[in-house]
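Keeping their order, the protein sequence lines are chains A and L.
In case it helps, the working numbering puts the first sequence at residues 1264 to 1563.
In case it helps, the working numbering puts the second sequence at residues 4 to 308.
Note that CB positions come from ideal geometry on N, CA and C, so glycine has one too.
Please read the structure below before turning to the comments.
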Amino acid sequence: MTATLAPGSRKAPSLMEAARGRSLWDDAGRRLIRNRFAIASVFVLGFLVIAAIIGPYLAPYSYDYLDKTHVWVPPLTGGHLLGTDSLGRDLLARLLSGLGVSLEIGVVATVVSLVIGITWGAAAGYFGGWLDELMMRFVDILYSLPFIFFVILLMVTFGRNFILMFVAIGFVQWLTMARIVRGQTMSLKQREFIEAARAVGLSGGAIIGRHIVPNLLGPVVVYVTLTIPDVILTESVLSFLGMGVQEPLTSLGTLISNGATEMELAPWLLIIPSILMVVTLMAFNFIGDGLRDAIDPKER
Amino acid sequence: MLRFLLRRLLVAIPTLLLVITASFFMMRAAPGGPFDSQRKLPPEVERNVKAKYGLDKPLAIQYLNYLGGVVHGDLGPSLKYKDKSVTDIIKEDFPTSLRLGLSSLVIGVAFGVALGAIAAMRQNSALDYSLTTAAIFGICIPTFVTAPLLILLFGTTLGWLPTGGLSDARSYILPVLTLALPQIAVVSRLTRAGMIEVLHSNYIRTARAKGLSEARIVMRHALRAAILPLVGYLGPATAGIITGSLVVERIFGVPGLGKFFVSSALQRDYTVVLGVVILYAVLVILLNLAAEVVQALLDPRMRLS
């Protein structure tokens, strides 16, 4: 049936190439390249990541430098390419550093959610029975709650700690990952190679770590590309509500939030960060959708 | 069916308990208290105020007292707004949030289903592509970007619509639109996917073979099956609208519960925060349950077990 197409059903590409001309990943790669939106997004995102990493070193101003002679100047004036804000800080420099912070939060929180989600889902799926029932029931319960409230409470409780923010957001994002991983694990564990591993006498934990998790790569990669923008969004909502990144540090959400308060007088402070935010989110979404279509074409 | 409902409601009790416990202790672990943001109170006054609200007792006792109150439907007094109970505040402000949320949900579903169905019927046409792309935009553009941009365009620049407050019916337009846009996008994507699948099914081919008109096929046969998955989306949609309302109420200065929640959390108004969390948790739990029941009623394949 469609089982042969299920992501992760093959071994690593390097092992398969000798036996077969085209592996699942070759096919997936080919399909991805044909997806123009996804490829364009890869380039856009790559550019943004590089800009966020090296941009701050190249930018003529630092993100917290106050140019008191050029306050609230529109783009292309006073030596400020994108203008300045109400304190005379260069918008381009702030955009670059804000983008970096947003991407960082997105990646770290996603990794946190990934670790929790994979462990939880793989354990539930592999051991099954009452443990599975209990663990997934717990996920269902958490799933049915308005999570933003908990994130807000977490932020209030722990103060605006940068690291805790990553963890707090990651902590509420792992549920979907756990569900996906559990489903995949349940179908994987019926396979012969798992049976072989069990016959050899490997323990449950070793089978999960060595054989199940590496085979979950496909759906996990897809989900990761869709989680990062979600996290960036959550962080932005928090920043918007005044609970996110603290000045003079900035994130895309903080920039938009500040821009919104001054939009009548300085619309560029709202519009430019908004565009950057939307472009970033769309790039991630296109890549995620593209990867999903490429790895699992029947989902189209 | 009755057994299922009963069991689900029983599961809801530990869920709520978990919510209350987690929120209670998280709120209490937060630095600062409800009375120290104003002028520093003399120690004896502060002691008296704390005693009045029972905040001088050990935390465990406070927790049990609070739980006891909640069981009796008493959410306690607000710590910041003198002479107001949490129930009063909810009664005053929740209807506004509910009106906003419900209108957005209705508009989101109505437009989403219509656009999704149209896109599916013209699959792979230019119209389909533009609708699908628009939907991706709708999903990717966050509410806190749409809201200020809409204000800037329709309020400040064109001057057509009021940009804040809720004085008349027209002032609802922008907040509702902001909340509804992402819902329209998601619903249209779900409807399109469901519709495409249904339109390729055998019974639609039968209907075509019978010579039914396209309109009748779509309205009577396809759409009904295609929007079934939407029922399951009801829970997440509500959660999404609640999240959005936190932002929208703040931007548009709408005196709703979301705005209240954020300021209460920042001011450590413990009881108000807990009250709002409980209210929304109950709401989401009930809606998820309702969605499951409706799904089971509509679709025999999803019989409740």
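*Is there contact here, the region 1506 to 1521 of chain A with the region 137 to 148 of chain L, by at least three beta-carbon pairs under 8 Å?*
yes
*Any Cβ of chain L within less than 9 Å of the Cβ of A:T1332?*
Position 69 of the first sequence, counting from 1, holds the residue named residue 1332 of chain A. No, because no Cβ of chain L sits closer than 9 Å to the Cβ of A:T1332.
*Spatial neighbours of A:P1511 within its chain, please: CB distance less than 6 Å, with the 5 preceding and 5 following residues excluded, ordered by chain position.*
If you number the first sequence from 1, residue 1511 of chain A lands on position 248. Contacts found: D1327.
*So what does DSSP say about A:L1268, is it helix, strand or coil?*
Taking the first sequence and counting its residues from 1, one reaches residue 1268 of chain A at position 5. Unreliable positioning characterises A:L1268 in this predicted model, as indicated by a pLDDT of 46, which lies under 50. The coordinate reading is nonetheless provided below. A:L1268 falls in the helix class under three-state DSSP.
*If you pair each beta-carbon of the region 174 to 192 of chain L with each one of the region 114 to 127 of chain L, do three or more pairs fall below 8 Å?*
yes
*Find out if the Cβ-Cβ distance for the pair A:I1411, L:L177 is shorter than 9 Å.*
Counting from 1 along the first sequence, the entry for residue 1411 of chain A is found at position 148. Counting from 1 along the second sequence, the entry for residue 177 of chain L is found at position 174. Not in contact: A:I1411 and L:L177 (Cβ atoms no closer than 9 Å).
*asked:* Just to confirm, is the Cβ distance from L:G72 to L:G167 under 9 Å?
replied: Looking up residue 72 of chain L in the second sequence gives position 69. Looking up residue 167 of chain L in the second sequence gives position 164. No, Cβ-Cβ distance for L:G72 and L:G167 is not below 9 Å.
*Closest by CA to L:L292, which one among A:D1552, A:I1404, A:G1507 and A:L1532?*
Translated into the one-based positions of the second sequence, residue 292 of chain L becomes position 289. Closest option to L:L292, Cα to Cα, is A:I1404.
*Run down chain L in chain order and give the residues with a C-beta less than 9 Å from the C-beta of A:A1431.*
The sequence position of residue 1431 of chain A within the first sequence is 168, counting from 1. Result: empty, since nearest Cβ-Cβ is about 11 Å, beyond 9 Å.
*Provide the residue(s) that pair with L:S88 in DSSP beta bridges, ordered along the chain.*
By 1-based counting over the second sequence, the position of residue 88 of chain L is 85. Looking at the DSSP assignment, L:S88 forms a beta bridge with L:P80.
*Check distances from the C-beta atoms of the region 1343 to 1368 of chain A to those of chain L and list, in chain order, the residues that come in under 8 Å.*
Those residues of the region 1343 to 1368 of chain A that come within reach of chain L (Cβ to Cβ, closer than 8 Å) do not exist; the list is empty.
_Assess contact between the region 160 to 174 of chain L and the region 78 to 92 of chain L, defined as three or more Cβ pairs (one per stretch) separated by less than 8 Å. Is contact present?_
no
*Give the single residue among A:T1439, A:G1464, A:V1508 and A:E1458 whose Cα lies nearest to the Cα of A:F1429.*
Stepping through the first sequence from its first residue, residue 1429 of chain A is reached at position 166. Closest option to A:F1429, Cα to Cα, is A:V1508.
*Does the Cβ of L:D272 have 16 or more other Cβ atoms within 10 Å, making it buried, or fewer, making it exposed?*
As a position in the second sequence, residue 272 of chain L is number 269, starting the count at 1. Answer is buried; the Cβ neighbour count reaches 16.
*Are the region 129 to 144 of chain L and the region 1537 to 1557 of chain A touching, with three or more C-beta to C-beta distances below 8 Å?*
yes
*Per DSSP, which one or two residues make a beta bridge with A:D1353?*
Residue 1353 of chain A sits at position 90 when you count from the first residue of the first sequence. DSSP output for A:D1353 lists A:T1347 as bridge partner(s).
*Assign A:Y1320 to one of two classes, buried (16 or more other C-beta atoms within 10 Å of its C-beta) or exposed (fewer than that).*
Mapped onto the first sequence, residue 1320 of chain A falls at position 57. Result: exposed.
_I'd like to know if A:R1442 contacts chain L, where contact means its C-beta is closer than 9 Å to some C-beta of that chain._
The residue labelled residue 1442 of chain A in the question sits at position 179 within the first sequence. Output row for A:R1442: interface = no.
*Minimum Cβ-Cβ distance from A:S1304 to chain L less than 9 Å*: In the first sequence, counting from the first residue as 1, residue 1304 of chain A sits at position 41. Output row for A:S1304: interface = no.
_Once the 5 residues before and after L:T99 are set aside, which same chain residues still bring their CB inside 7 Å of it?_
Working through the second sequence from its first residue, we reach residue 99 of chain L at position 96. Excluding sequence neighbours, L:T99 sits near L169, V257, P258 and G259.
*Relative to the alpha-carbon of L:V297, which residue among L:T241, L:L237, L:I254 and L:R253 has its alpha-carbon at the smallest distance?*
As a working mapping, residue 297 of chain L is identified with position 294 in the second sequence. Minimum Cα distance to L:V297 is reached at L:L237.
*Please check the pair A:M1540 and A:L1533, which I expect to be a contact at CB under 8 Å, by giving their CB distance rounded to whole angstroms.*
Translated into positions along the first sequence, residue 1540 of chain A becomes position 277. Translated into positions along the first sequence, residue 1533 of chain A becomes position 270. Actually they are not in contact, since the Cβ atoms of A:M1540 and A:L1533 sit about 11 Å apart, beyond 8 Å.
_9 Å Cβ cutoff, L:A229 in contact with chain A_ = In the second sequence, counting from the first residue as 1, residue 229 of chain L sits at position 226. No - not a single Cβ of chain A is within 9 Å of the one on L:A229.
_Inter-residue Cα distance where the pair is A:V1378 and A:Y1406_ = Position 115 of the first sequence, counted from the start, is the residue given in the question as residue 1378 of chain A. Position 143 of the first sequence, counted from the start, is the residue given in the question as residue 1406 of chain A. Distance between the alpha carbons of A:V1378 and A:Y1406: 18 Å.
*Could you tell me which uninterrupted alpha helix (DSSP H) segments, each at least 4 residues in length, are contained entirely in the region 169 to 235 of chain L, listed from first to last along the chain?*
176 to 202, 205 to 212 and 226 to 229
*To the nearest angstrom, how far is it from the Cα of L:A25 to the Cα of A:R1297?*
Along the second sequence, read from residue 1 onward, the residue named residue 25 of chain L stands at position 22. Along the first sequence, read from residue 1 onward, the residue named residue 1297 of chain A stands at position 34. About 48 Å.
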